[in-house]
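Okay, so here's the structure we're looking at.
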């Protein structure tokens, strides 16, 4: 399959799930070595889960199928440019390349999602959801114990790009 074939699959997956189950038409596929290893669509309104964007669902599916959190060597094809949350998920999953159809700016006139970029880029104390730090020393101790145990090694070792 070509890049266009994978993108067409993602777009049609969004259309199909929208028609069949009422999902939002944002869908994605994860591809490794020319094969689809994960797919998903935006089921935020169906599952009452604001994190279930198409990219996140496809990443979860690929990780489950491949038995790893590390999707190095994989690409993701998504019907719309990933939002900041999805960009972070793609980064954490170590996906190599992102292909997208619609740009977020292109859909802004019909689906206003502006504000997220601005909010995410602000210091935590200036974001729209008030934040207050509590019990930092206690939490730091637990994280330090985890790192010293060696359990964090696989997660924290990132390949150079």
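Numbering (full-length UniProt numbering), first residue to last: 1 to 161.
Even for Gly, the Cβ is constructed at its ideal location relative to N, Cα and C.
Checklist entry - What are the boundary residues of the beta strand (DSSP E) that includes residue 75? => result The residue given as residue 75 occupies position 75 in the chain shown. Taken as a continuous stretch (DSSP letters only), the beta strand (DSSP E) holding residue 75 covers 74 to 80.
Item to check | Residues that residue 100 bridges to, as DSSP identifies them | outcome: Taking the chain shown and counting its residues from 1, the one referred to as residue 100 is at position 100. Answer is 78.
Checklist entry - Roughly how many whole angstroms lie between the Cα atoms of residue 94 and residue 137? => result For this step, residue 94 is matched to residue 94 along the chain shown. For this step, residue 137 is matched to residue 137 along the chain shown. Straight-line Cα distance between these residues: approximately 30 Å.
Item to check | Beta bridge counterpart(s) of residue 41 as assigned by DSSP | outcome: Here residue 41 refers to the residue found at position 41 when the chain shown is read from its first residue. Looking at the DSSP assignment, residue 41 forms a beta bridge with 27.
Next on the checklist: When you compare the CB positions of residue 28 and residue 107, do they come within less than 7 Å of one another, or not?
Outcome noted: Taking the chain shown and counting its residues from 1, the one referred to as residue 28 is at position 28. Taking the chain shown and counting its residues from 1, the one referred to as residue 107 is at position 107. No, these two residues do not count as a Cβ contact at 7 Å.
Next on the checklist: Checking 7 Å against the spacing of the C-beta atoms, do residue 13 and residue 41 come in under that value?
Outcome noted: If you number the chain shown from 1, residue 13 lands on position 13. If you number the chain shown from 1, residue 41 lands on position 41. Yes.
Checklist entry - Does the distance from the C-beta atom of residue 38 to that of residue 23 stay below 7 Å? => result Counted from its first residue, the chain shown places residue 38 at position 38. Counted from its first residue, the chain shown places residue 23 at position 23. Contact: no.
Checklist entry - Buried or exposed: residue 26, going by 16 or more other Cβ atoms within 10 Å of its Cβ? => result Here residue 26 is taken as the residue at index 26 of the chain shown, counted from 1. Counting Cβ neighbours within 10 Å, residue 26 comes out buried, since at least 16 surround it.
Item to check | Status (buried if at least 16 other CB within 10 Å, exposed otherwise) for residue 69 | outcome: Here residue 69 refers to the residue found at position 69 of the chain shown. Looking at its Cβ environment, which holds fewer than 16 other Cβ atoms inside 10 Å, residue 69 is exposed.
Next on the checklist: Comparing C-alpha positions only, which one of 127, 81, 110 sits nearest to residue 53?
Outcome noted: Residue 53 sits at position 53 when you count from the first residue of the chain shown. Of 127, 81, 110, the residue nearest in Cα terms is 81.
Item to check | C-beta contact flag for residue 61 and residue 97 at 7 Å | outcome: On the chain shown, residue 61 is found 61 positions in, with the first residue counted as 1. On the chain shown, residue 97 is found 97 positions in, with the first residue counted as 1. For residue 61 and residue 97, no; Cβs fall outside 7 Å.
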